[in-house]
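Inspection log for the structure reproduced underneath, given as structure tokens.
There are 2 protein chains.
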Amino acid sequence: MAAAGINKNIEIWIIEDNVSYRRTLLGLIERTKGMSCSQVFSSCEEAINKFEDADAPEIILLDIGLPGMSGIQGIEKFKTLSPQTHILILTVYDDNDNVFEALCAGASGYLLKDSSPEKIIESIKEVLAGGAPMNMKIAHKVLEIFTRFKPKKNDYGLTEREKEILQQMVAGLTKQQIAEKLFLSFHTVNTHLKNIYNKLHVNTRSGAVSKVYKENLL
Amino acid sequence: MAAAGINKNIEIWIIEDNVSYRRTLLGLIERTKGMSCSQVFSSCEEAINKFEDADAPEIILLDIGLPGMSGIQGIEKFKTLSPQTHILILTVYDDNDNVFEALCAGASGYLLKDSSPEKIIESIKEVLAGGAPMNMKIAHKVLEIFTRFKPKKNDYGLTEREKEILQQMVAGLTKQQIAEKLFLSFHTVNTHLKNIYNKLHVNTRSGAVSKVYKENLL
DNA sequence: AACCAAATACCACGAACGCGTGATTGATAC
DNA sequence: GTATCAATCACGCGTTCGTGGTATTTGGTT
Chain A
229 MAAAGINKNI EIWIIEDNVS YRRTLLGLIE RTKGMSCSQV FSSCEEAINK FEDADAPEII
289 LLDIGLPGMS GIQGIEKFKT LSPQTHILIL TVYDDNDNVF EALCAGASGY LLKDSSPEKI
349 IESIKEVLAG GAPMNMKIAH KVLEIFTRFK PKKNDYGLTE REKEILQQMV AGLTKQQIAE
409 KLFLSFHTVN THLKNIYNKL HVNTRSGAVS KVYKENLL
Chain B
229 MAAAGINKNI EIWIIEDNVS YRRTLLGLIE RTKGMSCSQV FSSCEEAINK FEDADAPEII
289 LLDIGLPGMS GIQGIEKFKT LSPQTHILIL TVYDDNDNVF EALCAGASGY LLKDSSPEKI
349 IESIKEVLAG GAPMNMKIAH KVLEIFTRFK PKKNDYGLTE REKEILQQMV AGLTKQQIAE
409 KLFLSFHTVN THLKNIYNKL HVNTRSGAVS KVYKENLL
């Protein structure tokens, strides 16, 4: 596995539009034994062009927020052009969508830009060793995403009627509208709502709706 | 919760049927400063019983291949009994199914038994810091699982600021609370909220929150 | 320099909400 | 046979929301 590091340098490309950060990365790579950065780009498009007359690198350090084609789109393109190339995301975005999309698209790791230089070097090695380096924060998000795939049946002891009312609330209806739709008195809906709040340990509509989705109730 | 490490030891339970490995773990924990293992079990059932007359621990080190109830089932049970308890899987199984199920069920981390003692201690700390420690191998499998999914994405031209405010609303905060949290005037939040409603074509908090989840905004 | 979108801030009003406290009925359980 | 609990309905109080406005500042385009 580490064979590459013995005879020749690990070939790395950098795609990063921020000039100073790009320079920082380049410096870091170049002064690390066993690694070398032959190409730097500020957009995916440029890198894609280079694939024609240059050998594919072993690693691409890739930003997500890029001018033109986004890093996410880039991943897919690079993976088609050179499936064996590992792509290590290095970005400021840590929202669930970007993380999810990047990993779905085939990224081999996901780091945030506040990672220390040592962490970055270490992660590159980890990728080559078949790992999947991630920030603590990112790893946590990954698990969060996982738990969403598993329908929890944590009822909180909600009654059928309460669930019914919760559904209407999730749909965005007001208490009065719910009452009309379910042929109830406004006061009844009010009471149910209070009980729901108690059971779910929330005290706002948004909190309740949020809990419904997060924990897959109903 | 993070204050726990300052004044008292991190409370850890071990559930592991292999006597010698259990002893190894126990020894490791007990000789680590700031951690203490008050309970060891060889099955989930025993641990579940103890939940009644003992305080829930901060961490459970959990094996998967157990007599009786499997570790996977155990996770769900423990998470119901004590949602704030972190469960760290420590097992020999590294097949996709077990990994996937465990993480779906709510495990906070997944280590293989060949992990070094230092790695285990480090992982416990990482879990408490909100991370999700995984072996290189496991992390790689997690990414593999991810590549099997491929969803959509949507945006209603929401501003970054608007998304930020939407996030707080999803968390169940009131306008006033959001204003305080983001160091804004109440009126500003109000304005943003109006714009958000317009963009999402809703006119209630619940409707907005609902849309966020249904269409995977943020 | 002109322009524009985004972020910020303010006001006022009627509608809706959250919450405490209460009651009545009917079914199920012990 | 009485205890429990879901479901229904009721009132009032103070708070928050949704919506109609207006307006300033700022950063980026043109």
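Just so you know, the protein sequences line up as chains A and B, in that order. If you use the working numbering, the first sequence corresponds to residues 229 to 446, in order. If you use the working numbering, the second sequence corresponds to residues 229 to 446, in order. From the three backbone atoms N, C-alpha and C, an ideal C-beta is built for every residue, glycine too. Note that the structure is predicted; figures quoted are calculated from it, not measured.
| task | Just mark residue 384 of chain A as buried or exposed, buried being the case when its beta carbon has 16 or more other beta carbons within 10 Å. | result | Burial state of residue 384 of chain A is exposed, judged by a 10 Å Cβ sphere holding fewer than 16 other Cβ atoms.
| Ordered along the chain, which non-local residues of its own chain (more than five positions away) have a Cβ less than 6 Å from that of residue 420 of chain A? | These residues qualify, in order along the chain: 390 and 393.
| Nearest-angstrom Cα separation, counted from residue 329 of chain A out to residue 380 of chain B | With a pLDDT of 45 at residue 380 of chain B, under the threshold of 50, the modelled position of this residue cannot be trusted; read the value that follows with caution. Linking residue 380 of chain B to residue 329 of chain A through their CA atoms gives a straight-line distance of about 9 Å.
| query | Cβ of residue 334 of chain A within 9 Å of Cβ of residue 368 of chain B? | reply | Cβ atoms of residue 334 of chain A and residue 368 of chain B: not closer than 9 Å.
| said: When you compare the CB of residue 434 of chain A with every CB in chain B, is at least one pair closer than 9 Å? | reply: For residue 434 of chain A, the closest Cβ of chain B is nearer than 9 Å.
| query | residue 360 of chain A to residue 402 of chain A, Cα distance in whole Å? | reply | Roughly 46 Å separates the two Cα atoms.
| task | Could you tell me the distance, in whole angstroms, from the CA atom of residue 248 of chain A to the CA atom of residue 254 of chain A? | result | Between the alpha carbons of residue 248 of chain A and residue 254 of chain A lies a distance of about 10 Å.
| Which of helix, strand or coil does DSSP assign to residue 438 of chain B? | It is helical.
| Beta-carbon separation (whole angstroms), residue 316 of chain A vs residue 339 of chain A, contact threshold 8 Å | Taking a contact as a CB-CB distance under 8 Å, the pair residue 316 of chain A and residue 339 of chain A counts as one, their CB atoms being some 7 Å apart.
| request: Please list the partners that residue 425 of chain A has in chain B, where partner means a Cβ-to-Cβ separation under 8 Å. | output: Residues of chain B passing the Cβ test: none, with the nearest at roughly 11 Å.
| field | Interface flag, residue 420 of chain A vs chain B, CB-CB below 9 Å | value | No, its Cβ sits nowhere closer than 9 Å to a Cβ of chain B.
| request: Leaving aside the five residues before and after residue 306 of chain A along the sequence, list all residues of the same chain whose C-beta is less than 7 Å from its C-beta, in chain order. | output: Taken in chain order, the residues that qualify are 288, 313 and 315.
| message | Any heavy atom of the ligand HEM closer than 8 Å to the beta-carbon of residue 417 of chain A? | response | For the ligand HEM, the structure offers nothing, since it holds no ligand at all.
| message | Can you find the residues in the same chain that come closer than 8 Å, C-beta to C-beta, to residue 304 of chain B, ignoring five residues on each side of it along the sequence? | response | In its chain, beyond the 5 residues on either side, 333 and 334 have a beta carbon closer than 8 Å to the beta carbon of residue 304 of chain B.
| residue 254 of chain B (DSSP reduced to helix, strand or coil) | The answer is helix: DSSP assigns residue 254 of chain B an H, G or I state.
| message | Strictly under 9 Å for the Cβ-Cβ distance: is residue 254 of chain B near chain A by that measure? | response | For residue 254 of chain B, the answer is no, since every Cβ of chain A falls outside 9 Å of its Cβ.
| task | Taking only beta-carbon positions, decide if residue 247 of chain A is within less than 9 Å of chain B. | result | Answer no: the Cβ-Cβ gap between residue 247 of chain A and chain B never drops below 9 Å.
| residue 319 of chain A lies in the alpha helix (DSSP H); which residues open and close that run? | No alpha helix (DSSP H) contains residue 319 of chain A, which is instead part of the beta strand (DSSP E) from 314-319.
| Pick from B/267, B/273 and B/300: whose alpha carbon is nearest that of residue 321 of chain B? | The residue with the shortest Cα to Cα distance from residue 321 of chain B is B/300.
| request: Taking only the alpha-carbon atoms, compute the straight-line gap between residue 285 of chain A and residue 271 of chain A and give it to the nearest angstrom. | output: So the alpha carbons of these two residues sit roughly 16 Å apart.
| message | Any beta carbon from chain B within less than 9 Å of residue 284 of chain A's own beta carbon? | response | By this cut-off, residue 284 of chain A is not an interface position.
| query | Buried or exposed: residue 282 of chain B, going by 16 or more other Cβ atoms within 10 Å of its Cβ? | reply | With fewer than 16 other Cβ atoms within 10 Å, it is exposed.
| query | Are the CB atoms of residue 407 of chain A and residue 425 of chain A nearer to each other than 9 Å? | reply | When the beta-carbon positions are compared, residue 407 of chain A and residue 425 of chain A stay at least 9 Å from each other.
| request: Between the Cα of residue 427 of chain B and those of B/292, B/296 and B/440, spot the shortest distance and give me the residue it belongs to. | output: With distances taken between Cα atoms, residue 427 of chain B lies closest to B/440.
| query | Nearest-angstrom Cα distance between residue 432 of chain B and residue 351 of chain B? | reply | Roughly 43 Å separates the two Cα atoms.
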